[in-house]
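Heads up, the thing below is written out as structure tokens.
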Amino acid sequence: MRLVGVSHPIQDARGKAAGRTRYAADLSLPHMAHAAMVFSTIPHGYVTAVDDSEALAVEGVYGVLHYFNTPEYCFNRYRSQYSQTLPLEEPVFAKRVRFVGDRVAAVAARDMETARRAAALVKVTYEELPHALTFEEALEGVNCLEGEKAVKDEFTVEVGTPPQADGLVEVTACTELGRLHHAAMEPHVCVADYDSDLDELTLYSPNQSVHGVRTVVADMLEMPYNRVRVVKTTMGGSFGSKQEWTVEPVAATVARRLRRPVKLVYDRAEVMRSIVCRGPMRAEMTMRFHKDGVLAGVELELLSDAGAYIANSADYARTLVGKMFRCYRIPYGRAHIRLVSSNTPVSGSFRGWSSPEVALMLEHGMEKAARALDMDPVQLRLKNVLLPGDTDPKSGVPIEEIRTRECLLRGAERFRWAERRREDAAFNAANGRFRRGTAVACAGHGNTYYPRYNDFASAEMRMCEDGSVQVEVSIHDHGCGTGAAFQMIVAEALELSLDKVRLKEADTAHTPFDFGCYASRGTFVVGRAAQLCAQNLREEILKAAAHKLETTPDRLYFEGPAVRSKDDPAVCLSYQEVAWYSLGTLCRELTAQAKHTVDSNPGVTGTHFAQVEVDTWTGLTRVLDYLAVHDVGQSINPEMCAAQIQGAAQMGCGAALREEIEISPKGQGTCSLSKYHLMNAPDLPLIQVELIQDGRSQDGPYGAKSVGEVSFAPAAPAAAAAVNQALGSDLGRIPMTPDRILEYIAKEGC
230 MRLVGVSHPI QDARGKAAGR TRYAADLSLP HMAHAAMVFS TIPHGYVTAV
280 DDSEALAVEG VYGVLHYFNT PEYCFNRYRS QYSQTLPLEE PVFAKRVRFV
330 GDRVAAVAAR DMETARRAAA LVKVTYEELP HALTFEEALE GVNCLEGEKA
380 VKDEFTVEVG TPPQADGLVE VTACTELGRL HHAAMEPHVC VADYDSDLDE
430 LTLYSPNQSV HGVRTVVADM LEMPYNRVRV VKTTMGGSFG SKQEWTVEPV
480 AATVARRLRR PVKLVYDRAE VMRSIVCRGP MRAEMTMRFH KDGVLAGVEL
530 ELLSDAGAYI ANSADYARTL VGKMFRCYRI PYGRAHIRLV SSNTPVSGSF
580 RGWSSPEVAL MLEHGMEKAA RALDMDPVQL RLKNVLLPGD TDPKSGVPIE
630 EIRTRECLLR GAERFRWAER RREDAAFNAA NGRFRRGTAV ACAGHGNTYY
680 PRYNDFASAE MRMCEDGSVQ VEVSIHDHGC GTGAAFQMIV AEALELSLDK
730 VRLKEADTAH TPFDFGCYAS RGTFVVGRAA QLCAQNLREE ILKAAAHKLE
780 TTPDRLYFEG PAVRSKDDPA VCLSYQEVAW YSLGTLCREL TAQAKHTVDS
830 NPGVTGTHFA QVEVDTWTGL TRVLDYLAVH DVGQSINPEM CAAQIQGAAQ
880 MGCGAALREE IEISPKGQGT CSLSKYHLMN APDLPLIQVE LIQDGRSQDG
930 PYGAKSVGEV SFAPAAPAAA AAVNQALGSD LGRIPMTPDR ILEYIAKEGC
């Protein structure tokens, strides 16, 4: 291949580096107002009054919207498809506020400074209600009103037959995960433009599904879908936070009321307080092994906190159960899930969509089992990983060409696994203050949400008169280079240079319907549709060229951006000549369409190795070395893949060691990066990356599989296991902050 598998710059990298790229917050429309929010300051209660008189008296204020003067528009932030029947549980402006950060009012003014100044003058009166901030309080139903249940959802899933063998070795791993902030560089923003004459609404936002946003907003405002246009703007990161629609319904409501464009931009504190977080979970996983180390069964008891609104938490928990079976051969699995709701920030989509959570549970259990069985952790995993040809017992879908075994073997060799573990033991024996540990973690994921839901994607293309190609496909680039990957996929199929392929991002008025960029489906599903469409365009080019040369398509072949005759290779037509002939003589544009319907979900996996050093005096943990080995099928853009993996490792180390949104007794969550301790680049060594590319998918473009989410899944488990290896501990709660490490050391006396 000429382009696929060769590293190329991301299409907009130069513009971003130079500050020329325009984000949604940079948009400016004639007569545009700016909106600022008023959020609840209590965790639970009724809004009994909103005094907006002082705000309205500020010069330049156009209006204040709240529950008492605005229709009670309700929506579900997770809804992305017309067919989804989800409860419309969340109002644009709340009467009953459910957490600190719930929306109470919006102030619109001539500029952002005026809007924020006026918003600070809005006085809200509350009737406070009892609130639940912890698992225990939520289970007691402290925050429940009459008729409400403490446990919002409860279900059990069982796969396979319980093991009956004697002499099984049983281990129980207890884990707990805290709330995580996505920490995307770009905040949440939406520009809404309402045309009252045409009753048309256009929304510009960096979202993960333009058609999902359209569904939510159009249904909420009772507008026809063809009168609501959603344009995906350049995105500065999401990690799942922009998969749920929270700013778009508000901006749309304000714009429609004012009958003028409105820009709504959240600052960092507002994003952390009000948007969405990775929710807390508490798990007890029991794993049973035969004496030779082969898994016999896994049972999971899981308690999950949805936060103030259920949103996607029930679906998230069900997805987690399915992810249990994506890495190891588990002949029997049982999961009992309970979901509670608390008066805390809403739990929701996060990179990996439950793969990282279930990986922590499984890998913590694997570490305990290795000690109980007196086996090397790598060897124990080798006995249990899924192999090519295996089937996912939960979904019944073939795993196909999975390469977890190769990831383990290659990684152990490159990371000097056995030697490093011996070196750590010698170092720890010779040192009192510092202790080192080396650990490994595996994780599996998917490439689509098939077979749980049907999945497909469409693409359209047209060749211009000069032989260049315009691609219409609903991509949602998060900022990581999806657009560049799609250019490469199309250019490879058409034998074009990258500059001859042009594509815009998703726009409900111009690009085909698509579910969105989540579930790791971007390249695997939508990219495959683009590849098939390019192949169809090749056929159209051949037909037009054959007509001009008075031959048949089977007597022609492609060579670069040209068509040649097999009978006389000297006979050559450039794409430009073919395109113009088709337009000028055949009176038709060279176009193609394609639809890709998904009927597979091959195994995709990663194995991470981490070495850490723990300072037993301060509790601080330093990552000394890190290697991530990933089964990617065929990498479209290798450097882009490596960068995704390196960023995921950094994110995972932060989740394991530092990052957590803490909730105060008054329901206030961490809302600044000065108190939310991100893992920065100088805090880590160079993340080594190795790509395994011989397990290609039959259905991904050129054999490609997903990488963006699976790369996050093993990261926190690897770092956490390394800390436990260093201390000889069994800590299952992350993040393993200095305070928690020192508490353990003081308790154990080590």
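Take the numbering used here: the final residue in the sequence shown is number 979, and no numbers are missing along the way.
The beta carbon of each residue, even a glycine, is placed where N, CA and C say it ideally should be.
Residue burial annotation: arginine 651 is exposed, with fewer than 16 other C-beta atoms found within 10 angstroms of its C-beta.
Histidine 410 sits in coil when the DSSP states are folded into three classes, being neither helix nor strand. Of all alpha-carbon atoms in Cys303, Ala247, Cys762 and His837, the one lying nearest the alpha-carbon of valine 607 is that of His837. Assignment of alpha helix (DSSP H) within the region 336-378, counting only whole runs of 4 or more residues, yields 341-348 and 364-369 in chain order. Checking the DSSP bridge columns, you'll see aspartate 382 partnered with Leu568.
Lysine 895 carries a coil assignment under DSSP once its states are collapsed to helix, strand and coil.
A distance of 7 Å or more separates the beta carbons of glycine 924 and arginine 558.
Secondary structure at phenylalanine 663: strand, using DSSP grouped into helix, strand and coil.
By the 16-neighbour rule on beta-carbons within 10 angstroms, valine 523 is exposed. DSSP places tyrosine 275 within a strand segment (E or B) once states are collapsed to three. For alanine 791, the enclosing beta strand (DSSP E) has its first and last residue at 791-794. By the neighbour-count criterion, in which 16 or more other beta carbons inside 10 Å mark a residue as buried, histidine 295 falls on the buried side.
By the Cβ rule, the region 907-924 counts as touching the region 869-881, because three or more pairs are nearer than 8 Å. Here the region 355-367 lies against the region 257-275, with 3 or more beta-carbon pairs under 8 Å apart.
Separation of glutamate 734 and proline 741 (C-alpha to C-alpha, rounded to the nearest whole angstrom) is 11 Å. Between glutamate 366 and arginine 511, the C-beta gap is not smaller than 7 Å, which leaves the two residues out of contact. Straight across, the Cα-Cα distance linking cysteine 900 with histidine 825 is about 42 Å. Of the other Cβ atoms in all chains shown, fewer than 16 fall within 10 Å of the Cβ of proline 391; this residue is therefore exposed.
Around leucine 785, the same chain offers Leu771, Ala774, Ala775, Leu778, Val792, Arg793, Ser794 and Lys795 as residues with beta carbons nearer than 8 Å, after the five sequence neighbours per side are excluded. Sorting Pro490, Ser542 and Ala599 by C-alpha distance to the C-alpha of valine 669 places Ala599 at the top. Straight through space, the alpha carbons of glutamine 805 and alanine 821 are spaced by roughly 17 Å. Distance from the CA of alanine 713 to the CA of valine 939, rounded to the nearest whole angstrom, comes to 20 Å.
In terms of CA proximity to proline 867, Ala933 leads the group Tyr423, Ala933 and Cys882.
Around the Cβ of proline 478, a 10 Å sphere holds 16 or more other Cβ atoms; the residue is buried.
With respect to the C-alpha of leucine 819, the residue from Gln764, Leu856 and Ala857 having the closest C-alpha is Gln764.
For glycine 292, the enclosing beta strand (DSSP E) starts and ends at 290-295. Arginine 817 counts as exposed, since fewer than 16 other C-beta atoms from the protein chains shown sit within 10 angstroms of its C-beta.
Serine 893 is classed as exposed because its beta carbon has fewer than 16 other beta carbons within 10 Å across all chains shown. Excluding sequence positions up to five before and after valine 233, its CB lies within less than 6 Å of the CB of Met717, Glu721, Ile865 and Tyr931, all in the same chain and listed in chain order. For the pair tyrosine 810 and leucine 766, the Cα-to-Cα distance works out to about 15 Å.
Between the region 406-424 and the region 369-389 there are fewer than three C-beta pairs closer than 8 Å, too few to call the two in contact.
Counting along the chain, the unbroken alpha helix (DSSP H) around lysine 976 starts and ends at 967-977. Arginine 731 is bridged by DSSP to Gln699.
With a contact defined as Cβ atoms closer than 8 Å, valine 575 and alanine 540 qualify at about 6 Å. In the structure shown, the three-state DSSP call for tyrosine 433 is strand. With a beta-carbon spacing of about 5 Å, leucine 913 and valine 852 fall inside the 8 Å limit used to define contacts.
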